[in-house]
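Below is one structure, written out as structure tokens; the observations come after it.
Residue numbers (my numbering): 1026 to 1186.
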């Protein structure tokens, strides 16, 4: 297996397996409760959550690289983790996800007006595991993790030249 493929696979595995530790175990109730508030405290909690999430991801990925005996340049690891942390913060801010859910779909309300294609699912419940939480996780897996993998692999390839 080539070094580039190994880095891609190990980064993806480390990101996927480290995701829940960073998103659930490292995030405390204060971060969770305030990170979507448009206040100073909300921005601090969002930044703190993105930072602790990125740290959890970095440790998990490093453990995978180390276990497999694959050397990934520290700059590649750092840029990948920073990219994931930034994308994670944008997703967890919540505004883009709400806008995505509101994109007009095929359904219509009782007055015949088109409604957001996932607006009902997004607002399914106000507590616990709800539509918004499931959409949030889908975007982390579908967008954020691939961004981190691509950045890590690309920077490692550039350094190897």
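For glycine and all other residues, C-beta sits at the position ideal for the given N, C-alpha and C.
Query: Suppose contacts are defined by Cβ-Cβ distances below 8 Å. Is residue 1081 in contact with residue 1105 by that definition?; Result: no
Query: On the DSSP bridge list, what partners appear for residue 1139?; Result: 1133
Query: Which whole-angstrom value is the C-beta distance of residue 1071 and residue 1126, which I expect to be below 8 Å?; Result: Their Cβ separation, rounded to whole angstroms, is 19 Å, which puts residue 1071 and residue 1126 out of contact at 8 Å.
Query: Just to confirm, are residue 1052 and residue 1059 a CB contact at a threshold of 8 Å?; Result: no
Query: What residue from 1033, 1049, 1030 and 1034 has the CA that sits closest to residue 1162's CA?; Result: 1049
Query: Residues in the same chain with beta-carbon distance under 6 Å from residue 1142, minus the five sequence neighbours each way, listed in chain order, please.; Result: 1128 and 1130
Query: Helix, strand or coil, according to DSSP, for residue 1053 in the structure here?; Result: coil
Query: Exposed or buried, what is residue 1137 when buried is set at 16 or more other beta-carbons lying within 10 Å of its beta-carbon?; Result: exposed
Query: Out of 1099, 1155, 1111 and 1122, point me to the one whose CA is closest to residue 1077's CA.; Result: 1111
Query: When the Cα of residue 1167 is compared with those of 1087, 1041 and 1028, which residue comes out closest?; Result: 1041
Query: Put residue 1076 into one of helix, strand or coil per three-state DSSP.; Result: helix
Query: Determine the closest residue to residue 1122 out of 1098, 1108 and 1144, with distance taken between C-alpha atoms.; Result: 1144
Query: Given a cut-off of 8 Å on the beta-carbon distance, is the pair residue 1097 and residue 1181 in contact?; Result: yes
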